[in-house]
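Each remark here refers to the structure printed beneath this line.
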Amino acid sequence: MSKVDTSKQNAFLIDMTKCTGCRGCQVACKQWNQLEAENTEFFSGEGYQNPPAMSEYTFTRIKFRDYEKNGQNEFAFYKEMCMHCDDPACASVCPVGAFEKTPEGPVIYKADRCIGCRFCMIACPFGVPKYEWSKGLPLVKKCTGCHDRVTAGLQPACATACPTAITYGPRDEMIKIAEERVAKHPDKYIRKIYGKEEAGGTSVIYLTSLPFDELGFKKVTLRPLPEYTWQALRFVPAAFLTVGGSLSALSWINHRRDRLKNEQEDAEQVDTPADEKED
Amino acid sequence: MTAVRAVAKEIKGYHAFVKFMIFLVVLAAVASLARFVFGLGATTNMDDTYPWGLWISFDVVTAVPLAAGAFTLGAIVHCFNIKKLEPLVRPAIVTGFLGYSLVCVGLVLDLGQPHKGWHVLRYWNLHSPMFEVAMCVMAYTTVLFLEFLSPVAEKFGWHIPLRILRWLEMPLVILAAAISTLHQSSLGTFFLIAVDKLHSLWYNPLLPLLFWVSAICCGMCIIIVEATACHKWMGQPNEGVLLRTLAKILPYTLGFYIFLRVYTLMALSEGPFFDVPVFTLLFFLELGIGFILPFLMFTSNSVRNDDRRRVIAALLVIFGLVLNRFNVSMFGMMDPNHMYYPSIIESLVTIGIIAGHILFFVLIAKYFPIFEHHPETVDYTIPDSFHKIDDGKPKQEKEQKEVLPEGSAASELS
Ligand code: SF4
Ligand code: SF4
Ligand code: SF4
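So the sequences go chain by chain: A and B.
Residue numbering for the first sequence follows the UniProt record's numbering, starting at 1 and increasing by one per position.
Residue numbering for the second sequence follows the UniProt record's numbering, starting at 1 and increasing by one per position.
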């Protein structure tokens, strides 16, 4: 499932230094996906962000972090959303293949297949898939990458709404732009492009001015996650055949030995016909 | 009506303990109804941080190795040819069958879309450990059901099915061991994807192998506990001699497990091990009390020969296994600032599932000949067209056929 060339697939370049915290993306996402409003209280989470976390009703969210720069209070932001991994963990663990990395870039979810086991939620290194906890027969919810818009030739709703920070286009171009920006303004950016290698590469890449972990970015492995389980799963046929085969061989040998012994005893019985053998 | 009355009368005659179990099962049924009416969010303490709770940790990840007795013993008796342990096989199969059926029940309750559960058969995803476990559990429950049919066929005197089952026995035993190997280990593969989530005391690439070996150890210990309990509370003969043989195998498997566990920790896991005091405690409880201590106990002859101490050692292994599965699937992934603990409904359902297991075992033992199985005296070979084994005693065979329908099998003959 990996080894597909993702460089021409669409990706988001999100430059957090250009984000103004207007949350236009948050609103646009709700509108396009017709998500219900959440009843929240301000300051119910860590800082200024609202709602306190992504949820079945909120596919993307701007996280706020306040810090001090030259004696002034400043804000830094982080747009949380699905990373649309090149080799998605969610797709690899789903028993019914409800997630699919589309050739256009977005990782989409097929609700009609999902059995609701929530393995995708355990597997996603970024904690993206959310569950409809309020329902009797819940499904999973997550950012669709606006696959419907992208296939219709539009840009994702959040990227369209964003006045400053989001660029959308082929992944290799996005990485090039990101690298140019970092090279041009080494004082402004942390020298790292988050998402270039994280989890084997993602279709959402970030630039920031503050260390990534301080903004709430997760520190994840650089290997594609499906490799971790595949390195065990690929032994499945071999394990099945080894155990089955060796136990068959073992029992065949043992049973044959028994049978030979019985036959020998029978033969002895014929020789000494006096009494019946009862073992 | 008369049938209902007969059932009611029958139930009235049960022991108070059995009635209490029935009560717990009914309670669990009501609780699971609540889960469907009010939704998972309202009835459980699971949330987006803890998408898997008690139901996955116990009803699936722990219950499956607890039901490992059937395949372990089947392989020991039929493949390694330690025939004298045969009398233990049937109760083990009944336990296994019940265990797996209840795993299915637990899984269905936990699924968000249980009505779509069959989709696993339609959309295959070979990269998913969950797909594998689901397929194996289905296949293995079927195998166990076929194996479990033997006492049922005996009870009702169905001779032809009995012969077919008897003839299928070996293939089924081997199939059971192979399928079990796959899903016992794949349960470990589940957590390989939780790379940066599971604490390094438990995360390592050999998790599947560790899960498999510990399941085998646990399977044998469950049999020891079960046989001892049946002797004590259900008036079955003391199988101490047989359990002693089983206990002789245990030091090897336990020793191998401990070696593997320490090796993976030292050589394959990375990174801070003892940074969280609670995890350190859990780890030492699990490995020390749950595996090393019983290992030392089983190496001693006096423990193996003593009914009481033997069962204590076996219980310790079971404790170790349960703790290990919880550590891997729940505790080891917990965030101290936001803890998960099961809700009342979740607990009631799990308690009901355990009670259901005990209840059905007692009932099956009451109505079906699961303890009186002595194959040396019963011949189910398909007549004549195959290898002739039983030329010498045709009369005896006829006698048995007449005895069979009464449900007492051939116990008196042995
Ligand atoms: S971020 Fe999570 S949900 Fe999104 S594609 Fe990657 S693994 Fe899947
Ligand atoms: S919850 Fe649905 S989408 Fe997620 S792994 Fe399970 S079946 Fe797949
Ligand atoms: S890509 Fe679409 S679904 Fe995803 S966050 Fe943006 S607007 Fe929402």
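We treat Cβ as the ideally placed atom computed from N, Cα and C, and that holds for glycine.
Threonine 189(B) reaches chain A at Thr229, Ala232, Leu233, counting residues in chain order whose Cβ is nearer than 7 Å. For the region 107-131 of chain B, the set of positions with a beta-carbon nearer than 7 Å to some beta-carbon of chain A reads Leu111, Gly112, Gln113, Lys116, Gly117, His119, Val120, Tyr123, Asn125, His127, Ser128, Pro129, Met130, Phe131 in chain order.
A distance criterion of 7 Å places the beta-carbon of tyrosine 168(A) beyond contact range of ligand 2, judged by its closest non-hydrogen atom.
Within 9 Å of the CB of proline 205(B), the CB atoms of chain A belong to Tyr228, Gln231, Ala232, in sequence order along the chain.
Under the criterion of beta carbons closer than 8 Å, alanine 68(B) and glutamine 184(B) qualify as touching, at roughly 6 Å. Less than 8 Å separates the beta-carbon of glutamate 38(A) from that of tyrosine 57(A). Taking the Cα of glutamine 231(A) as reference, the smallest distance to any Cα among Leu250(B), Leu109(B), Gly188(B), Leu359(B) is reached at Gly188(B). Boundaries of the alpha helix (DSSP H) around arginine 309(B): 307-329.
Chain-ordered, the chain A residues with CB closer than 7 Å to the CB of tryptophan 52(B) read Arg118, Ile122. What you get when you keep residues with a C-beta closer than 7 Å to any heavy atom of ligand 3 is Cys25(A), Ala28(A), Cys29(A), Trp32(A), Asn33(A), Phe59(A), Thr60(A), Met81(A), Cys82(A), Cys143(A), Thr144(A), Gly145(A), Cys146(A), Pro156(A), Ala157(A), Cys158(A), Ala159(A). Fewer than three pairs of CB atoms, one per stretch, sit closer than 8 Å, so the region 280-294 of chain B makes no contact with the region 240-249 of chain B. In the displayed model, asparagine 50(A) falls within coil according to three-state DSSP, outside both helix and strand.
For lysine 141(A), the secondary structure class from DSSP, reduced to helix, strand or coil, is strand. Identification of chain A residues near threonine 181(B) by a Cβ-Cβ cut-off of 8 Å yields Ala239, Phe240, Val243, ordered along the chain. Looking at Val173(B), Asp110(B), Pro114(B), the one whose alpha-carbon comes closest to that of leucine 54(B) is Asp110(B).
Between phenylalanine 191(B) and leucine 182(B), the C-beta spacing is not below 8 Å. Boundaries of the alpha helix (DSSP H) harbouring glycine 69(B): 69-74, taken from the DSSP string. At a cut-off of 8 Å between C-beta atoms, leucine 139(A) counts as an interface residue with respect to chain B.
Using a C-beta cut-off of 8 Å, the region 199-211 of chain B makes contact with the region 264-271 of chain B, since at least three inter-stretch Cβ pairs fall below that distance.
Counted as a single uninterrupted DSSP element, the stretch harbouring arginine 223(A) is not any alpha helix (DSSP H), since DSSP gives it neither H nor E.
Proximity of the region 97-116 of chain B to the region 104-118 of chain A meets the contact definition, three or more beta-carbon pairs being nearer than 8 Å. Residue range 61-69 is occupied by the beta strand (DSSP E) that includes isoleucine 62(A). Proximity of chain B to isoleucine 115(A) at the Cβ level (cut-off 8 Å) is accounted for by Leu111, Gly112, Gln113, Pro114, Lys116, Gly117, His119, Val120, in chain order.
Chain A has a Cβ within less than 8 Å of the Cβ of leucine 40(B). Across the UniProt domain "4Fe-4S ferredoxin-type" (10-40) of chain A, no CB contact with chain B closer than 9 Å is found for any residue.
Neighbours of leucine 192(B) in chain A, taken as residues whose beta carbon is under 7 Å from its own, are Tyr228, Thr229, Ala232 in chain order.
Contacts between lysine 130(A) and chain B, judged by CB atoms closer than 7 Å, involve Asp48 in chain order. Between ligand 1 and the CB of valine 128(A), the shortest heavy atom gap is smaller than 7 Å. Of the residues assessed, glutamate 74(A) falls on the exposed side of the cut-off, its CB having fewer than 16 other CB atoms within 10 angstroms. One alpha carbon belongs to lysine 84(B), the other to glycine 320(B), and they sit about 28 Å apart.
Distance from the C-beta of valine 213(B) to the nearest heavy atom of ligand 1 is not below 7 Å. Note that the C-beta distance between serine 209(A) and isoleucine 193(A) is not below 8 Å. Counted as a single uninterrupted DSSP element, the alpha helix (DSSP H) harbouring leucine 172(B) occupies residues 159-190. In summary, glutamine 264(A) is exposed, with fewer than 16 beta-carbon neighbours lying within 10 Å of its beta-carbon over all protein chains present.
Under DSSP, histidine 338(B) forms a beta bridge with Asp335(B).
Among the CB atoms of chain B, one or more fall inside 8 Å of the CB of serine 55(A).
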